[in-house]
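Since the structure comes first, as structure tokens, the remarks are kept for the end.
4 protein chains.
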Amino acid sequence: MERVVPDSAKSGASEPEQYCWTEREAELLTVTLRLLQSHGYDRLTVDAVATEAKASKATMYRRWPSKADLVLAAFIEGTRESAVAPNTGSLREDLIAIGTSVAAHSREHASTMRAVLNEMSHSADLRAAMQDKFVRHRHTMMEEVLATAAARGEIGTDAINPEIWDVLPGYLVFRSLMSDRPPTDETVRMLVDEVVLPALQRTRT
Amino acid sequence: MERVVPDSAKSGASEPEQYCWTEREAELLTVTLRLLQSHGYDRLTVDAVATEAKASKATMYRRWPSKADLVLAAFIEGTRESAVAPNTGSLREDLIAIGTSVAAHSREHASTMRAVLNEMSHSADLRAAMQDKFVRHRHTMMEEVLATAAARGEIGTDAINPEIWDVLPGYLVFRSLMSDRPPTDETVRMLVDEVVLPALQRTRT
Amino acid sequence: MERVVPDSAKSGASEPEQYCWTEREAELLTVTLRLLQSHGYDRLTVDAVATEAKASKATMYRRWPSKADLVLAAFIEGTRESAVAPNTGSLREDLIAIGTSVAAHSREHASTMRAVLNEMSHSADLRAAMQDKFVRHRHTMMEEVLATAAARGEIGTDAINPEIWDVLPGYLVFRSLMSDRPPTDETVRMLVDEVVLPALQRTRT
Amino acid sequence: MERVVPDSAKSGASEPEQYCWTEREAELLTVTLRLLQSHGYDRLTVDAVATEAKASKATMYRRWPSKADLVLAAFIEGTRESAVAPNTGSLREDLIAIGTSVAAHSREHASTMRAVLNEMSHSADLRAAMQDKFVRHRHTMMEEVLATAAARGEIGTDAINPEIWDVLPGYLVFRSLMSDRPPTDETVRMLVDEVVLPALQRTRT
DNA sequence: TCATAAGCGAGACGGTACGTCGTGTCTTACG
DNA sequence: CGTAAGACACGACGTACCGTCTCGCTTATGA
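In structure tokens:
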């Protein structure tokens, strides 16, 4: 759990923020992710990944020093997403787009997220990586949407609250993690219409 | 992972909702919980628990048929809480009381929750038990508070939404699970004042 | 390669010179010896021994801390032999009996002996064990035979030479180790009649 | 283990009996021999040889198709010796010269010999090579010495026995292999005077 | 003088065995 | 009889080594 970016990320590295895997590495991570989703963290064996990918254990461990590193890398690889903030011209539509995306994604990767969360208890590096790759990305996106809405006059600038920007995605992720009652599109709609929007527009009245 | 309540819950069992451990069992669970919090699920070994508690592995497995059962039992034992819905006479105060309790509790047991969540991926029984012992309890409490508030006229009865009753606890738990930015009392206050209350009172205006 | 006698040799240990394996341990060593003779040291895998003996690797390693220890133990177990000096009443017959036995034994265990010899380069303990279990035993036997012959007057007491008592067995072992020209009964006969006896009786004439 | 003489022995090859290594190859074998003597066969890694010699593994394997081939080549390289039969004019002196040489040589290379012996269990080629390079050479030398002695009348021609010509070197090698009681010059002297010479001269009396 | 090829270092790779450790089952001996 | 102690089968982890391979770099030769 010491390094997340293997040395083999030798491709220029001009964008320091981007993880660059070779084609082979991406393939290994894809196999890992698939087995991870179907079997879960504990049932996943490095041997199985290696065998399925026609690789050897040494190859796996050369890149990711432990099973936990491998799983984290696969998770990050699997969650590299659209990355572009929606811009529908309407705050409500933007929020629903974000919410729907988060709900779908978190439902799909619930098992993996649980595994990664669990590993976070042990590794400061993993916490930092998670923070950097996962949280900050959402934060940026949400702030962009809110700033746009404020510019349109849909909400007041004072509605942008450092504590609640992730209520929408956070709650949706929570619902996926708890595994019963995973979030639906209807959940997103109701959350946006009856919780988030009222909260954001509260001060405008 | 087949049974969660050991046979040794022989004490009358007149209150079906309550888990009754013998003194020895409670001691074993306490040791389990401590090691769980300090090392996390994977690093926890049943051997270590047995050794520390001067018990034998057979004793552990006689009561909890697997490590996951043991950890779940320890988690439930450790999270047995007030259980009574607050009744301060004010919805805001009730919500803040609940939120503060959830925040404190989820901060303390974040590591354990991560471990239990992870195990939920594998075990339907664990999911059911979690649902029963953890979610339903909060649901009941929250509904009681909301019903009381509706009776007081603080909110409309139509504000009670099956999708959003756990936005407050869910989001707080999410914040604890993510480990950075754990929820503070200020988080709770702002969430109540600027998100939950406006949402609940939205239809009253 | 640190210990040769497992702790489980708890049987009184009144005869400090004897290795006492439990029945199960003897079974494991028997399987080891068989696979060793058929495949050789390098081709032998601890996994194969465990599988064949319906044991687990942990069981193997609990008793013998390394593959080399296991092989040594199997070798010693396999070479525990007649141990009684022949006493035919004739020096020539005694020598031929010893030589024939050594020749047969060393032919059979040539592969194992090569493996054990190779390991001796690394382990002082193995050297000591080998010395104790293998060399000294032959020495004792040979001295007994020679003393008896001297008592009968077949040879002079001055013929008993500290340097040459193992010429007979040593040369026979050498022939087995070199794998071509393994010693035959004829080899033994000729060696006794034309080399050892003349040397021993040299001073009598 | 398929070929022992690499193609790179391109230097004329007019003397089919001689192994001709380039300077670089001899250097590699020297490093191999050193590591072999200090660590033994199992502890020797081709990687280590390559690293120490600033070579690459491909270079090693281009010349010697396997580790066993490499070790054998190093052993043969290291044991290329005087090769000329002594001719002191006295059988006793000749035998002592041979014995002393064998004793010194086998003491020095005991570890390597154990390794090579061990490999002989697996490889017919190695057995053949060993036989050709090692045994036959001694045989020739010994026969030459014995024939000379017979010509001088020191021994009868009937004393030249196909079974015992290598008792002297064989026993000395055995003593070295067993690692305790390595042969000394005194061992050689006594063996010659009290065993080999009496045996050879037995029929003359 | 420059280009093309052949050899070399470096080291990644697939495969396989080693030795360790944890789970869950079982037996033994003690109180 | 329940319990502490701990051996046991199973199987995954992470390491190390073998023998194969590819990649650049150098060097030595041919136009």
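Protein chains in written order, with the UniProt record's numbering: chain X, 1 to 205; chain P, 1 to 205; chain G, 1 to 205; chain F, 1 to 205. Built from N, CA and C at the ideal position, the CB exists for glycine as well.
Residue-chain proximity (residue i, chain F), Cβ-Cβ < 7 Å
i: G:E163; result: yes
i: G:D47; result: no
i: G:R127; result: yes
i: G:E2; result: With a pLDDT of 33 at G:E2, under the threshold of 50, the modelled position of this residue cannot be trusted, and the question is left open.
i: G:K10; result: No answer about G:K10 holds up, because its pLDDT of 35 lies below 50 and its placement is not dependable.
For residue j and residue i, believed in contact at Cβ under 8 Å, the rounded distance
i: X:M142; j: X:D158; result: Not a contact, Cβ separation roughly 16 Å.
i: residue 215 of chain G; j: G:R202; result: Nothing in the structure corresponds to residue 215 of chain G, since chain G is present only between 1 and 205.
i: G:L117; j: F:L177; result: 6 Å
Residue of the options minimising C-alpha distance to residue i
i: F:A53; options: F:A68, F:Y61, F:T30, F:S66; result: F:T30
i: G:E119; options: G:S106, G:V71, G:Q37; result: G:V71
i: X:L44; options: X:A74, X:R62, X:T22; result: X:A74
i: G:S179; options: G:L28, G:R107, G:D69, G:G89; result: G:R107
i: P:I76; options: P:T140, P:R24, P:L33, P:D193; result: P:L33
i: G:M113; options: G:S66, G:T140, G:V173, G:R80; result: G:V173
i: X:V188; options: X:L177, X:P162, X:A97; result: X:A97
i: X:L35; options: X:E25, X:A48, X:R24, X:E27; result: X:A48
i: X:G153; options: X:Y171, X:R127, X:L200, X:T51; result: X:L200
i: P:P65; options: P:A55, P:V46, P:R80; result: P:V46
i: F:G40; options: F:A110, F:R136, F:I164, F:P182; result: F:A110
i: G:P86; options: G:G78, G:R80, G:S101; result: G:S101
i: X:L191; options: P:S176, P:P162, P:A58; result: P:P162
i: F:T140; options: F:A124, F:D125, F:I160, F:S121; result: F:I160
i: residue 220 of chain F; options: F:R127, F:L95, F:T22, F:W21; result: This structure cannot speak to residue 220 of chain F, because chain F is shown only from 1 to 205.
i: F:A103; options: F:M60, F:Y171, F:A58; result: F:Y171
i: P:L146; options: P:L117, P:L95, P:H105; result: P:L95
i: F:V84; options: F:E144, F:L177, F:E23; result: F:E144
i: F:Q131; options: G:A58, G:R63, G:D125, G:P182; result: G:P182
Cutoff 7 Å: residue i Cβ touching any chain P Cβ
i: X:Y171; result: yes
i: X:V167; result: yes
i: X:L177; result: yes
Chain X within 7 Å of residue i, Cβ atoms only
i: P:M190; result: yes
i: P:Q131; result: yes
i: P:D185; result: no
Under 8 Å from the C-beta of residue i: neighbouring residues of chain F
i: G:C114; result: Residue 114 of chain G is actually Arg in this sequence, not Cys. Simply R114, L117, N118, M120, S121.
i: G:R202; result: E194, P198
Within chain P, partners of residue i - CB distance below 7 Å
i: X:Y158; result: The sequence given here has Asp at residue 158 of chain X, not Tyr. Those do not exist, as X:D158 stays about 10 Å from chain P at its closest Cβ, beyond 7 Å.
i: X:G78; result: Simply none; closest approach about 16 Å.
Min CB distance residue i to chain G below 7 Å
i: F:S111; result: yes
i: F:C20; result: no
i: F:D180; result: yes
Partner residues on chain F for residue i, Cβ-Cβ distance less than 9 Å
i: G:T100; result: Per Cβ cutoff of 9 Å: no residues; G:T100 is ~15 Å from chain F at best.
Cross-chain neighbours of residue i in chain X, by beta carbon under 7 Å
i: P:T88; result: The contacting residues do not exist; P:T88 stays about 23 Å from chain X at best.
Residues that residue i contacts on chain G, provided the C-beta gap is smaller than 9 Å
i: residue 207 of chain F; result: Any property of residue 207 of chain F remains undetermined from this structure, which presents chain F solely from 1 to 205.
Proximal chain F residues relative to residue i, where beta-carbon distance stays under 7 Å
i: G:F174; result: G170, Y171, V173, F174
Proximal residues of chain X, C-beta to C-beta of residue i below 8 Å
i: P:R43; result: H122
Cβ-based contacts, 8 Å cut-off: residues of the stretch 133-152 of chain G near chain F: Residues V135.
Contact residues within the stretch 48-69 of chain X, judged by C-beta distance below 9 Å to chain P: Taking 9 Å as the Cβ-Cβ cut-off against chain P, the residues of the stretch 48-69 of chain X that qualify are A68.
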